[in-house]
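Report on the following structure.
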Amino acid sequence: MTEARAAVAMAKGEPVEVTTIHVPDPGPGEAVVRVQACGVCHTDLHYREGGINDEFPFLLGHEAAGVVESVGAGVEDVAEGDFVVLNWRAVCGVCRACKRGEPWYCFDTHNAAQPMTLQDGTPLSPALGIGAFAERTLVHSGQCTRVDPTARPAVAGLLGCGVMAGIGSTINTGQITRGDSVAVIGCGGVGTGAIAGAHLAGAAKTIAVDTDPKKLDWAVELGATHTINATETDTVEAVRELTGGNGADVVIEAVGRPETYKQAFYARDLAGTVVLVGVPTPEMQLELPLLDVFARGGALKSSWYGDCLPSRDFPMLVDLYQQGRLPLEKFVSEEIALDEVEQAFTKMEHGEVLRSVVML
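First residue of the sequence shown? That's 1 in full-length UniProt numbering, and the numbers climb one at a time after it.
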């Protein structure tokens with residue numbers, strides 16, 4: 001067992017506390033990773049606010065990159081010294097989704113079996129099964145994906161959640177191809193990831209929609225060809241006007257609200273695709289005329305983690321970044337210390353940053 005400094009949410013709504021935790025030695029199928037960088041994601045704030053569940057205390061942080069320090073018995077996919085990006089969907093390989101060749105839908109993903117604890121022995125609930133606002137973390141070895149070790153940890157780690165969800169929503173779920181028109185509603189971390197993904201896929205027209213001018217500026221930096229400020233104009237009409245009156249081939253909804261989902265539904269072309277990657281809250285309800293669902297055709301999809309397969313997608317995207325073809329560095333607004341997580345939450349809520357990254 002080793003000790004590590006970590007940022008922990010002790011109780012609902014209370015500020016994050018930096019404290020010392022105990023990290024067990026890795027058991028069978030597990031790995032201990034020395035965390036080098038971890039992005040501050042809105043999901044971490046949801047945990048702190050009790051919006052995920054009430055299994056406090058939470059060890060926050062999940063968008064991380066680092067170096068494997070030790071592995072347990074039976075681990076063959078990674079080894080001590082490997083530079084890895086952590087993921088929260090370690091596929092099982094044997095469930096019905098995996099067996100039919102769709103492991104990105106795995107229905108039985110793995111996390112570490114042993115708990116990390118506070119010094120008094122209280123078990124910690126790691127955010128998304130990772131818990132990486134810590135100098136070290138214990139994960140299932142399948143949550144570690146080896147990537148180019150020369151990549152900047154602050155950049156590579158962002159693929160662990162929001163950026164991957166956005167890029168994957170366009171490339172994997174939306175299956176955007178060269179020449180397509182794409183609209184992205186909501187340009188936070190996930191939405192700007194979708195903008196970058198659409199640009200990477202060769203979309204002819206990428207339309208960013210948001211209510212915050214700063215976020216629209218970020219979208220342009222990451223490949224948006226047009227912007228729509230939803231406070232100034234009707235989103236559906238504006239998207240149609242930019243697409244010859246037809247609507248976009250693919251619309252990515254990165255907000256997760258019924259109002260914006262309806263906009264996405266009506267802003268797509270006939271037989272077009274809507275991809276929901278924004279995460280709704282449990283009480284939200286959607287009401288659409290069933291005749292419109294039938295008559296407009298096309299596809300209504302949800303994107304889980306960008307339908308990514310970490311072993312396939314993380315190395316590829318890091319390589320594209322290293323080649324200068326995917327500007328992941330533009331997602332990093334600031335690099336901060338572990339004891340600045342609480343201030344990063346405030347900046348995130350106020351829309352001041354795209355991603356704060358904790359450096360360890």
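Backbone N, C-alpha and C define an ideal beta-carbon position, used for all residues, glycine too.
Fair warning: this is a prediction, and the values are worked out from it, not measured in the lab.
For residue i, which beta-bridge partners are listed by DSSP?
i: LEU86; result: CYS144
i: ARG152; result: The partner list for ARG152 (beta bridge, DSSP) is empty, contrary to what the question assumes.
i: MET359; result: ALA37
i: SER302; result: LEU276
i: ARG257; result: DSSP lists no partner for ARG257.
i: residue 377; result: Shown here, the chain extends from 1 to 360; a query on residue 377 therefore has no answer.
i: HIS110; result: ALA90
i: HIS350; result: Looking at the DSSP assignment, HIS350 forms no beta bridge with any residue, so it has no partner.
i: GLU335; result: VAL357
i: ILE176; result: In the DSSP output, where bridge partners are listed per residue, ILE176 has none listed.
i: ILE21; result: ALA4, LEU118
i: GLU30; result: HIS140
i: ILE252; result: VAL184, VAL275
i: VAL71; result: ALA31
State the DSSP-derived secondary structure class of residue i, mapped to helix, strand or coil.
i: residue 377; result: Since the first residue of the chain shown is 1 and the last is 360, residue 377 is not available in this structure.
i: VAL239; result: helix
i: ASN229; result: strand
i: GLN36; result: strand
i: SER181; result: strand
i: PRO315; result: helix
i: PHE56; result: coil
i: residue 365; result: Absent from the structure is residue 365, since the part of the chain shown begins at 1 and ends at 360.
i: ARG48; result: helix
i: ALA203; result: coil
i: THR137; result: strand
i: ARG5; result: strand
i: GLU76; result: coil
i: VAL16; result: coil
i: PRO307; result: Here residue 307 is Asp; the residue named in the question, Pro, does not match the sequence. DSSP places ASP307 in helix when its eight states are reduced to three.
i: ALA219; result: helix
i: ALA208; result: strand
i: PRO123; result: strand
i: ARG100; result: coil
i: ILE130; result: coil
i: PRO282; result: coil
Hey, is residue i's beta-carbon within less than 8 Å of any beta-carbon in chain E?
i: GLN323; result: Absence of chain E from the displayed structure is noted, only one protein chain being present.
Whose CA, out of the options, lies closest to the CA of residue i?
i: GLU30; options: LEU60, ASP77, GLU3, CYS41; result: ASP77
i: GLY142; options: TRP88, SER181, GLY191; result: TRP88
i: PRO115; options: MET10, HIS140, ASP339; result: HIS140
i: TRP104; options: ALA112, ASN111, GLY93; result: GLY93
i: VAL68; options: SER169, ARG146, VAL279; result: ARG146
i: THR281; options: ALA7, PRO15, HIS46; result: HIS46
i: CYS187; options: LEU290, PRO15, GLY197; result: GLY197
i: GLU80; options: VAL91, GLY51, VAL16, ARG34; result: ARG34
i: GLY74; options: ALA97, GLY324, GLY27; result: GLY27
i: LYS330; options: GLN343, VAL353, ARG312, PRO315; result: VAL353
i: THR346; options: ALA132, ALA6, CYS41, PRO149; result: CYS41
i: PRO15; options: VAL357, ALA344, PRO315; result: ALA344
i: ARG312; options: CYS144, ASP54, GLY51; result: CYS144
i: GLU241; options: TYR261, VAL293, ALA183, VAL279; result: ALA183
i: ALA132; options: SER303, ALA11, ASN246, ALA65; result: ALA65
i: GLY39; options: GLY61, PRO57, ASP54; result: GLY61
Around the Cβ of residue i, are there at least 16 other Cβ atoms within 10 angstroms (buried) or fewer (exposed)?
i: ASP307; result: buried
i: GLU237; result: exposed
i: GLU3; result: exposed
i: HIS199; result: buried
i: GLU135; result: buried
i: MET164; result: buried
i: GLY72; result: buried
i: GLN119; result: exposed
i: LEU291; result: exposed
i: GLU259; result: exposed
i: LEU270; result: exposed
i: ALA156; result: buried
i: HIS350; result: exposed
i: PRO149; result: exposed
i: ASP210; result: buried
i: ALA7; result: buried
i: GLY191; result: buried
i: ALA11; result: exposed
i: PHE107; result: exposed
Please confirm whether residue i and residue j have their CB atoms less than 8 Å apart.
i: MET348; j: ALA37; result: no
i: GLY189; j: ARG48; result: no
i: ILE195; j: VAL239; result: no
i: VAL277; j: GLY166; result: yes
i: THR122; j: ILE130; result: no
i: ALA127; j: ASP25; result: no
i: ILE171; j: VAL251; result: no
i: ALA201; j: TYR321; result: no
i: ALA295; j: ARG268; result: no
i: ALA204; j: ASP180; result: yes
i: PRO86; j: LEU317; result: This sequence places Leu at residue 86; Pro is not what is there. Not in contact: LEU86 and LEU317 (Cβ atoms no closer than 8 Å).
Considering only heavy atoms of the ligand COA, does any lie closer than 7 Å to the CB of residue i?
i: SER125; result: This structure lacks the ligand COA, and indeed carries no ligand of any kind.
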